[in-house]
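See below for the structure under consideration.
2 protein chains.
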Amino acid sequence: MTRASSRRPGPPTRTERGIPEATVARLPVYLRALTALSDSGIATASSEDLATAAGVNSAKLRKDLSYLGSYGTRGVGYDVEYLRYQIAREIGVTQDWAVVIVGIGNLGHALANYSGFGTRGFRIVALLDADPNLVGERIGDMEVRDFAQLEEIVEADRVSIGVITTPAGPAQDVCDRLVAAGVTSILNFAPVVLSVPDGVDIRKVDLSIELQILAYHEQRKSGEAALPQVPELPAMNGLPDLPSVGGGVGA
Amino acid sequence: MTRASSRRPGPPTRTERGIPEATVARLPVYLRALTALSDSGIATASSEDLATAAGVNSAKLRKDLSYLGSYGTRGVGYDVEYLRYQIAREIGVTQDWAVVIVGIGNLGHALANYSGFGTRGFRIVALLDADPNLVGERIGDMEVRDFAQLEEIVEADRVSIGVITTPAGPAQDVCDRLVAAGVTSILNFAPVVLSVPDGVDIRKVDLSIELQILAYHEQRKSGEAALPQVPELPAMNGLPDLPSVGGGVGA
DNA sequence: AGGAGCTTGTGAACGTGAGAACAAAATCGG
DNA sequence: CCGATTTTGTTCTCACGTTCACAAGCTCCT
Ligand SMILES: NC(=O)c1ccc[n+]([C@@H]2O[C@H](COP(=O)([O-])OP(=O)(O)OC[C@H]3O[C@@H](n4cnc5c(N)ncnc54)[C@H](O)[C@@H]3O)[C@@H](O)[C@H]2O)c1
Ligand SMILES: NC(=O)c1ccc[n+]([C@@H]2O[C@H](COP(=O)([O-])OP(=O)(O)OC[C@H]3O[C@@H](n4cnc5c(N)ncnc54)[C@H](O)[C@@H]3O)[C@@H](O)[C@H]2O)c1
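If you're matching them up, the sequences are chains H and A in order. The C-terminal position of the first sequence is numbered 251 in full-length UniProt numbering, with every residue numbered one higher than the one before it. The C-terminal position of the second sequence is numbered 251 in full-length UniProt numbering, with every residue numbered one higher than the one before it.
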């Protein structure tokens, strides 16, 4: 995303050290599955085993792994430890990445308390908030610091990843500050579309959207042949008034 | 089979009341953008306006909307309220969906405190946990209840959506219980692949995976031509020992 | 040593999604 | 009433992603 190689339009850009985005999104799942197998004392696994553990089909898994190189052994399978290292290296989690979290409210607290990041290659180096009442609060072995200190922290700790858990309103401002400070990857939880310059990657997590996608399919299930057909085209004046369905941008 | 009227393999099964999955995933984003425009007092918007607000390109937006019907006016654009209602109806959030949350730890608390669900068509009807110390705790206007009460709650409140925020270990068991109780859509936050029977939809949110995807691209940025090439094939014996990179299944 | 039996890696077929481009339909000014 | 202008809805093409199917390659047994 954002980081297009060099826009060569010609041939399919064969393995120019580039892995398809869909594959990149699955590598962490494979990594998790391999770690689970490893923890169970399993030393070798076939693509079938791995695929089952990762919840995908085995052809897809093999093709995904083939982008990294030939790390399996025909007739045998994959060495769990070896493959785990190769995937970790490819993703980049053999090193630790410094992360700041901005907005230590409900969600920020939960993330700050979460132990799972440290074991997966990420180190939270600061919890930032603009609310003076929060600054100074201790969470685990960290302390909430003033958002104004962002720039010095980013520089001192070489922070490249920022997590935004503020309300939607200030999210774009916070994002701009992060980018200006030198952060080049952002994970956004606020329900708003953030714009960033080229070279900065952004991903979003929106729980309401996930629920709405489930609701869509849920509606299909019940309505398969049961519900009385919903009115197709209610007159444009006099809509059944939605009590703010869809939700505003509000916190 | 060959001549059966269902499962026609020929043409792309033109609009058999089916909307492409990629489009379904964007409809909530459009809904949010429309709500924001509506709140700003804007009554009409062109596909270009809407696309900007939603962070997509306008051709894609128009094509997405065309799956729902012809709700725009050529030369003018879309009536914001009208389109908002149509999308809300298509997604199914003109009605309220009952939701239970299982596992009221760090993340469960954050979700329980979140006001954004109610305004988007979802009603949290129960917070469930297996820990007796948590049962009875008040969060907002709700009280944590015993997980054992799951079945009666699902039946009483016609719950169709369940959210899992337990540790990875018990997640599959919790999932099975939810399904057995009648829940047919599940949103899973535990870092583990859950298996469900046909007819049950499942979506996952995994923050570590999001961070790892960012890390992959981040690595590419710095390594574009700078880093000394990482050793391509370390000997299979004597791997640089990862201090549990990839993270176990542990909570 | 040689063949049987597995399992990987990949070429090719198929399906889905994205974006450019444009004809059709609506408004508006004269 | 007509033509200029705007913007939608749709068609066409290309890119991307998934799945099938199988030759290549490895191990093990006889
Ligand atoms: N809590 C949830 O379960 C949940 C679910 C889905 C989405 N979200 C989204 O996540 C975000 C955070 O949710 P929350 O419930 O934690 O909200 P919250 O109100 O509890 O916390 C927001 C925090 O951000 C801080 N903040 C506000 N402006 C700031 C600024 N300019 N700079 C730095 N910090 C600032 C506030 O002081 C507060 O501590 C919101 O955008 C919300 O929509 C939350
Ligand atoms: N907290 C985060 O920021 C975060 C981030 C990423 C992923 N996660 C994942 O989300 C999940 C929850 O995280 P958390 O930090 O809230 O964990 P937590 O340990 O704080 O909370 C888990 C809760 O689940 C309850 N529970 C355990 N077994 C149960 C069972 N069988 N039935 C019902 N309830 C049960 C526990 O009593 C506890 O209250 C974990 O799987 C974690 O890996 C959390």
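From the three backbone atoms N, C-alpha and C, an ideal C-beta is built for every residue, glycine too. The model shown is predicted, which means the values in this text are computed figures rather than measured ones.
So with CB distances below 8 Å, who are the chain H contacts of A/PRO210?
One point to set straight first is that residue 210 of chain A is Glu, not Pro, in the sequence displayed. Those within 8 Å of A/GLU210 in chain H are LEU187, ARG203 and VAL205.
Give a yes or no on whether the C-beta atoms belonging to H/GLU210 and A/ARG203 are separated by under 7 Å.
Yes, these two residues count as a Cβ contact at 7 Å.
For a cutoff of 7 Å on Cβ pairs, would you count H/LEU128 as touching chain A?
Not an interface residue.
If we cut at 7 Å on Cβ distances, does H/TYR216 have a partner in chain A?
Answer yes: the Cβ-Cβ gap between H/TYR216 and chain A drops below 7 Å somewhere.
Mind checking if A/ALA110 is an interface residue toward chain H, Cβ cutoff 7 Å exclusive?
yes
Within 10 Å of its beta-carbon, does H/ARG89 have 16 or more other beta-carbons around it, so buried, or fewer, so exposed?
buried
Secondary structure at residue 252 of chain H, three-state DSSP: helix, strand or coil?
Nothing can be reported for residue 252 of chain H, as the shown portion of chain H is limited to 1 through 251.
Quick check on DSSP: helix, strand or coil for H/GLY169?
helix
From A/THR23, A/ARG220 and A/TYR216, pick the residue whose C-alpha is nearest to that of H/VAL93; which is it?
A/TYR216
Could you name the residues of chain H that A/PRO20 contacts, counting a contact when the two beta carbons are closer than 9 Å?
Ordered by position in chain H, no residue passes the 9 Å Cβ test against A/PRO20, which lies about 12 Å from the chain.
Cβ of A/VAL193 less than 7 Å from any chain H Cβ?
yes
Would a C-beta distance cut-off of 7 Å place H/VAL179 and H/VAL200 closer than the cut-off?
yes
What is the DSSP secondary structure of A/GLY116, reduced to helix, strand or coil?
coil
Tell whether a beta-carbon distance below 7 Å holds between H/VAL144 and H/LEU127.
Annotated as proximal: H/VAL144 and H/LEU127, with beta-carbon spacing under 7 Å.
Quick check: the Cα distance between H/ILE139 and H/LEU31, rounded to an integer number of angstroms?
29 Å
Which residue from H/VAL56, H/ILE87, H/GLY116 and H/THR184 puts its Cα closest to that of H/GLY69?
H/ILE87
At a cut-off of 6 Å, would you count H/ILE202 as near ligand 3, judging by its Cβ distance to the nearest heavy atom?
In the structure shown, ligand 3 is absent; the only ligands present are ligand 1 and ligand 2.
Taking DSSP as the reference, what is the three-state secondary structure of A/TYR78?
strand
Can you say whether H/THR73 is buried or exposed, counting buried as having 16 or more other CB atoms within 10 angstroms of its CB?
exposed
Is it the case that the Cβ atoms of A/ALA171 and A/VAL192 are separated by a distance below 7 Å?
yes
Could you tell me which of H/ILE19, H/ALA22, H/ARG120 and H/TRP97 sits nearest to H/LEU34, measuring between CA atoms?
H/ARG120
H/LEU107 versus chain A: which residues are under 7 Å apart at the beta carbon?
ALA110
Any beta-carbon of chain A closer than 7 Å to the one on H/PRO197?
By this cut-off, H/PRO197 is not an interface position.
Count the other CB atoms, across all protein chains shown, that sit within 10 Å of the CB of H/GLY41; report buried if there are 16 or more and exposed otherwise.
exposed
Quick one: does H/SER70 have its CB under 7 Å from some CB of chain A?
No, because no Cβ of chain A sits closer than 7 Å to the Cβ of H/SER70.
Please state whether DSSP places A/VAL192 in a helix, a strand or coil.
coil
Please state if the CB of H/ASP79 and the CB of H/ARG26 are separated by a distance shorter than 7 Å.
no
If I follow the unbroken alpha helix (DSSP H) through A/ARG62, where does it start and stop?
Residues 58-66.
Residues in the region 147-163 of chain A with C-beta within 9 Å of chain H's C-beta atoms, listed in sequence order?
SER160, ILE161 and VAL163
Looking only at DSSP bridge pairs, what is A/LYS204 linked to?
A/ASN188
Check each candidate in H/PRO132, H/ASP157, H/VAL56 and H/MET142 and name the one with the smallest Cα separation from H/ALA148.
H/PRO132
Is DSSP giving H/THR73 helix, strand or coil here?
strand
Give a yes or no on whether 7 Å exceeds the smallest Cβ distance from A/PRO167 to chain H.
no
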